[in-house]
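Quick note, the first sequence lines up with residues 14 to 311 if you use our numbering. Built from N, CA and C at the ideal position, the CB exists for glycine as well.
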Amino acid sequence: MGLQSDLLAWAERSRRDLPWRRTRDPWAVLVSELMLQQTQVARVAPRWADFLERFPTASECAAASVGDVVRAWEGLGYNRRAVSLHRTAVTVVERHGARLPADLRALQALPGVGPYVARAVLAFAFEQDVGVLDTNAARVLARAVAGRRLGTRAEAQAMADSLVPASRGWVWNQAVLDLGALVCTRRRPDCGRCPLARHGAGRRGSCRWDAAGRPEPDPVEGSAGVAGRQTPFVGSDRQGRGRLVAALRRSPVPVTELPAAAGWSTTEDGQARARRIAGSLVADGLAVVGADGCLRLP
DNA sequence: GAAGCGTGGTT
DNA sequence: TAACCACGCTT
């Protein structure tokens with residue numbers, strides 16, 4: 014009984030059949046996690062298989078140009094991830110014999126790979142018993158396990174690691190992530206459908222927050238590991254970068270046409286912004302300036 | 001219009 | 001160490 018068996022039983026019943034859950038290939042798992050880390054399942058699902066068809070291994074990705082990887086990343090957003098993925102592929106070929114290391118520190122040393130992706134690869138490709146902590150898992154920990162706000166990331170990670178049932182890391186982490194994403198959501202947790210909540214009399218339930226009567230404030234408020242609010246997107250540099258990269262995917266852009274490609278007027282202000290955005294793309298390895306005065310993908 | 005979100009660089 | 005901010009696209 015208890016939280017762990019409640020959650021594992023729920024995972025068994027509500028098994029989600031996502032394509033990347035059928036593979037244990039570390040490269041394929043890495044690609045899926047890099048896509049999923051900031052892009053929703055519905056948008057990743059059709060693109061993951063296409064990307065792997067194009068770049069089935071780290072070696073083939075490393076051999077391609079950055080521009081080809083950025084083009085294959087279209088529609089996923091946060092294009093720096095594509096540059097990081099290419100760099101990671103090169104590093105894996107040069108330093109790890111073209112195979113992803115099954116080691117937390119070595120994985121985290123790869124560009125674009127942080128605590129979440131490194132542990133996801135360990136859990137979902139190498140089937141190690143580590144706690145995978147993203148914002149969904151952090152909500153489940155704060156509400157159901159702690160019943161209170163988590164103070165630090167280290168505390169949340171230690172809690173995540175300590176909960177993993179021995180030799181069940183793969184299914185356990187899938188279950189925690191699914192519960193956070195589908196049921197224990199940020200704004201309106203669906204406790205009526207939660208396997209951890211008490212339903213009617215006679216059974217206690219294994220969620221501490223629910224057992225306490227779900228008092229305010231919600232434990233996720235200000236809790237470590239739980240994502241906060243985003244700054245507005247419309248009119249932001251991020252929006253301009255996205256439009257500029259979209260234009261670069263089609264063809265090189267003459268420097269004089271940068272403001273239009275970024276979606277801004279050719280006022281002095283628009284030109285200054287466009288230059289700044291182009292500079293940030295170059296700094297991120299997403300663009301280069303050619304001898305012909307055009308900005309293009311590397 | 002707003003929500004969703006991990007990494008890396010900086011403080 | 002830990003918090004903060006920039007980074008995109010779809011529904």
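According to DSSP, is Cys307 helix, strand or coil? Cys307: strand per DSSP, three-state reduction.
Please list the terminal residues of the continuous alpha helix (DSSP H) segment that includes Ser219. Neither: Ser219 is in no alpha helix (DSSP H) and is coded neither H nor E.
Can you list, in chain order, the residues of its chain whose CB lies under 7 Å from that of Val134, leaving out five sequence neighbours each side? For Val134, the CB contacts under 7 Å within the same chain, skipping 5 residues up- and downstream, are Pro39, Val42, Leu43, Glu46, Leu113, Leu120 in chain order.
Report the rounded CA-to-CA distance for Arg156 versus Arg227, giving the unit in angstroms. Each residue's CA atom was taken as its position, placing Arg156 and Arg227 some 9 Å apart.
Where Pro39 sits in the DSSP three-state scheme: Assigned with DSSP and collapsed to three states, Pro39 falls in helix.
Excluding five sequence neighbours on each side, which residues of the same chain lie with their C-beta closer than 7 Å to the C-beta of Arg217? So the qualifying residues of the chain are Arg211, Ala224.
Thinking Leu20 and Leu209 are a contact (beta carbons under 8 Å), I'd like their distance in whole angstroms, please. Going by Cβ atoms, the distance from Leu20 to Leu209 rounds to 7 Å, so yes, they are a contact pair.
Cβ-based burial, Ser236 [other Cβ within 10 Å; buried from 16]: Buried.
9 Å Cβ cutoff met for Cys197 and Val153: Cβ distance < 9 Å, so Cys197 and Val153 count as in contact.
Let's see if you can read the secondary structure: which residues bound the alpha helix (DSSP H) around Pro128? First-last of the alpha helix (DSSP H) with Pro128: 128-137.
Rounded to whole angstroms, what is the Cα-Cα separation between Val143 and Ala304? The straight-line gap from Cα to Cα measures roughly 49 Å.
Pro208 (DSSP reduced to helix, strand or coil): It is coil, neither helix nor strand.
Out of Asp282, Pro32, Cys74, which one is the CA nearest neighbour of Ala55? Ranking Asp282, Pro32, Cys74 by CA distance to the CA of Ala55 puts Pro32 first.
Specify, as a first and last residue, the run of the alpha helix (DSSP H) that Ser313 falls within. Shown here, the chain extends from 14 to 311; a query on residue 313 therefore has no answer.
Could you name the residues of the same chain whose beta carbon sits closer than 7 Å to that of Thr36, not counting the 5 residues immediately before and after it, in chain order? Only Val42 meet the Cβ criterion.
If we count the other Cβ atoms within 10 Å of its Cβ and call it buried at 16 or more, is Phe246 buried or exposed? Exposure of Phe246 is indicated by the presence of fewer than 16 other C-beta atoms within 10 angstroms of its C-beta.
The region 292-309 contacting the region 89-98, beta-carbon criterion three pairs below 8 Å: Two segments are said to touch when three or more pairs of C-beta atoms, one from each, lie closer than 8 Å; by this definition the region 292-309 touches the region 89-98.
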